[in-house]
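Report on the structure given below.
Residue numbers (the numbering used here): 162 to 258.
Okay, structure coming up:
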């Protein structure tokens, strides 16, 4: 039969050299947040041109291949104390979850 349409290109930054990463114009968007136990944040990452980006890890290392953000909640103060922000923090797994 005839050849099908071309597949979607994907950039895997997990295997990309540092000089290639420096040239990427990466955009991210939070697509959903569920506050439950545990909280879940869904997001997409793509280039400025719309090409999906994969291979992102969630680690504490200083490297452009890793994603970091903080999820906090505002806790009302008690007995005249001011409100305060409390961070949700936890360890991550190798699959970024």
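Cβ atoms here follow ideal geometry from the backbone N, Cα and C, with glycine treated the same way.
Delimiting residues of the alpha helix (DSSP H) encompassing residue i
{"i": "residue 180", "result": "179–184"}
Start and end residues, beta strand (DSSP E) containing residue i
{"i": "residue 188", "result": "187–195"}
{"i": "residue 175", "result": "Residue 175 -> no beta strand (DSSP E), and no H or E assigned at all."}
Counterpart residues of residue i in DSSP-defined beta bridges
{"i": "residue 245", "result": "236"}
{"i": "residue 204", "result": "191"}
Nearest neighbour of residue i, chosen from the options [CA to CA]
{"i": "residue 249", "options": "177, 201, 181", "result": "201"}
{"i": "residue 238", "options": "185, 246, 164", "result": "246"}
Close beta carbons around residue i, own chain, < 6 Å, minus the five adjacent residues each side
{"i": "residue 234", "result": "247"}
{"i": "residue 231", "result": "248"}
Cβ-based neighbour list, residue i, same chain, cut-off 8 Å, excluding 5 preceding and 5 following
{"i": "residue 191", "result": "202, 203, 204"}
Presumed contact (8 Å Cβ cut-off) between residue i and residue j, rounded CB distance
{"i": "residue 206", "j": "residue 217", "result": "6 Å"}
Close beta carbons around residue i, own chain, < 7 Å, minus the five adjacent residues each side
{"i": "residue 176", "result": "216"}
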